[in-house]
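Novice: Chains A and B, in that order, are what the protein sequence lines are. Counting in our numbering, the first sequence runs from 246 upward without gaps. Counting in our numbering, the second sequence runs from 246 upward without gaps. Even glycine gets a Cβ: it sits at the ideal position worked out from N, Cα and C. The structure presented is a predicted model; accordingly, all values stated were derived computationally and were not measured.
2 protein chains.
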Amino acid sequence: MIDHEVQFKRFLQKQGLKLTPSRARILEAAFTMHEHFDAEKLHDLIKADNVSLATVYRTLPLLLEAGLISRTVRIGGRDRFEHILGHPRHAHWLCENCQAVIETDLSALQSAITKEAKALKFDIQQISLNITGLCWKCKDSANDSQ
Amino acid sequence: MIDHEVQFKRFLQKQGLKLTPSRARILEAAFTMHEHFDAEKLHDLIKADNVSLATVYRTLPLLLEAGLISRTVRIGGRDRFEHILGHPRHAHWLCENCQAVIETDLSALQSAITKEAKALKFDIQQISLNITGLCWKCKDSANDSQ
DNA sequence: GAGTTTGTTGCAAATGATTCTCAAATGAAA
DNA sequence: TTTCATTTGAGAATCATTTGCAACAAACTC
Ligand SMILES: [Mn+2]
Ligand SMILES: [Mn+2]
Ligand SMILES: [Zn+2]
Ligand SMILES: [Zn+2]
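(1) For a contact defined as C-beta to C-beta under 9 Å, what are the partners of A:K384 on chain B?
(2) Nearest CA to the CA of B:L351: which residue from B:N295, B:L287 and B:I372?
(3) Using the beta-carbon count (16 or more within 10 Å), is B:V251 buried or exposed?
(4) Alpha carbon to alpha carbon, how far is B:E327 from A:C340?
(5) Over what stretch of residues does the alpha helix (DSSP H) that includes A:H249 continue unbroken?
(6) Does the beta carbon of B:A265 come closer than 8 Å to any beta carbon on chain A?
(7) Is B:L374 close to ligand 4? I mean its beta-carbon at under 7 Å from any heavy atom of the ligand.
(8) Under a Cβ-count criterion, where at least 16 other Cβ atoms within 10 Å of its own Cβ denotes burial, should A:G378 be classed as buried or exposed?
(9) Quick one: does the C-beta of A:E361 sit closer than 7 Å to a heavy atom of ligand 2?
(10) When DSSP labels each residue in this structure, what does A:C343 get in the three-state scheme?
(11) Tell me whether the region 356-366 of chain A and the region 261-273 of chain B touch, counting them as touching only if at least three CB pairs, one residue from each stretch, are closer than 8 Å.
(12) What three-state label does DSSP hand B:I376 in the structure shown?
(13) Please list, in chain order, all residues of the same chain as B:V296 whose beta carbon is under 8 Å from its beta carbon, the five residues on each side excluded.
(14) Identify whether A:A336 lies in helix, strand or coil by the three-state DSSP scheme.
(15) Quick check: the region 340-349 of chain A against the region 297-310 of chain A, are at least 3 beta-carbon pairs closer than 8 Å?
(16) Let me make sure I understand the geometry here. Which of B:K366, B:I376 and B:L307 has the alpha-carbon closest to that of B:E348?
(17) For A:S315 and B:D294, what's the separation of their Cα atoms in angstroms?
(18) Leaving aside the five residues before and after B:L298 along the sequence, list all residues of the same chain whose C-beta is less than 6 Å from its C-beta, in chain order.
(19) How many whole angstroms separate the CB atoms of B:L374 and A:L374, which I take to be in contact at a CB cut-off of 8 Å?
(20) Please decide whether A:A311 counts as near chain B, where near means a Cβ-Cβ distance under 8 Å.
(21) Hey, is A:E361's beta-carbon within less than 8 Å of any beta-carbon in chain B?
(22) Looking at the structure shown, is B:H328 part of a helix, part of a strand, or coil, going by DSSP?
(23) Please state if the CB of B:K366 and the CB of A:K384 are separated by a distance shorter than 8 Å.
(24) Starting from A:S352, trace the alpha helix (DSSP H) in both directions and tell me its first and last residue.
(25) I'd like the span of the beta strand (DSSP E) that includes B:V318, first residue to last.
(26) When you compare only the Cα positions, how much space is there between B:Q370 and B:A362?
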């Protein structure tokens with residue numbers, strides 16, 4: 246069994262839940278995908294295996310709680326996610342114009358955040374640093390059209 | 246005319262739009278409110294003046310673009326906002342359990358972010374640092390119930 | 001000023017992501 | 001095998017947000 250599957254099973258058992266075929270398939274798909282994904286995109290990948298979209302929506306919160314995926318950016322009214330295990334934390338820069346998503350390292354900020362968390366006695370589950378604006382391409386074309 | 250009204254008017258004119266009574270009323274309400282608000286909460290405040298919820302929804306993106314408000318945390322499927330002018334940037338810590346929102350200073354991180362933006366040639370509109378987890382109250386009660 | 005263009009608004013209807021209902025299926029345990 | 005809680009697919013329901021539209025209004029044009 247793969248690393249993330251072990252972790253998910255352990256999490257589920259702790260809650261009295263089972264690692265069912267559907268849940269295993271959803272987990273696998275989430276880790277197959279190496280880009281951001283939303284519920285529907287993930288479902289597209291596995292609907293051939295008779296896994297319903299409802300179950301995808303039911304499983305996503307479990308994966309979040311288990312710390313296996315994180316919510317990244319909300320685009321077009323849809324929540325997007327990415328898998329975490331083995332990926333360092335990063336910030337998301339979202340271009341309002343072309344909707345490009347750029348990722349940068351977060352480790353520089355992490356220590357400052359952890360320190361603050363200690364002071365607040367806050368138990369961190371997810372850190373999300375999102376910066377919106379215009380990417381260099383769109384900033385330039387904005388200048389051109391003026 | 247108040248500071249934020251001048252700024253909004255200037256922004257609108259630049260886009261060939263007008264500072265109408267409805268828009269002015271919405272802006273005013275956004276700056277009257279000294280907590281986070283969602284579209285409906287803002288509308289409650291001004292519906293007596295015959296401003297429709299649709300117009301609130303139409304105006305919110307304008308205020309965002311004008312840099313007068315920012316999107317903060319999404320709770321219960323609703324987007325929340327806060328006014329910006331005169332308020333220093335801050336991070337939002339959201340308790341998953343009691344949904345409390347704690348705010349902390351962001352200025353320590355700001356310089357690191359600005360520096361990164363320069364490197365990326367990214368034109369920043371909004372910075373949003375959201376941290377989810379358990380506040381100290383809920384962390385404690387989780388221990389109790391075990 | 002009358003007519004024209006362009007942006008605005010309230011209202012009601014539409015949209016669409018997410019959640020819920022429910023009856024059938026599954027599965028661990030006894 | 002019987003039991004009993006959990007899970008699931010399918011479809012219906014929910015509900016924040018968006019949109020179409022007809023009436024308005026201010027700004028121009030002549
Ligand atoms: Mn990412
Ligand atoms: Mn705030
Ligand atoms: Zn761009
Ligand atoms: Zn709490």
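Specialist: The relevant details are as follows:
(1) K366, F367 and D368
(2) B:I372
(3) exposed
(4) 21 Å
(5) D248 to K259
(6) Reading off the sequence, residue 265 of chain B comes out as Thr, not Ala. No, B:T265 lies away from the interface with chain A (no Cβ there is under 8 Å from its Cβ).
(7) no
(8) buried
(9) no
(10) coil
(11) no
(12) strand
(13) S267, R270, I271 and H288
(14) strand
(15) no
(16) B:I376
(17) 42 Å
(18) H288
(19) 5 Å
(20) no
(21) yes
(22) strand
(23) yes
(24) S352 to L365
(25) I314 to I320
(26) 11 Å
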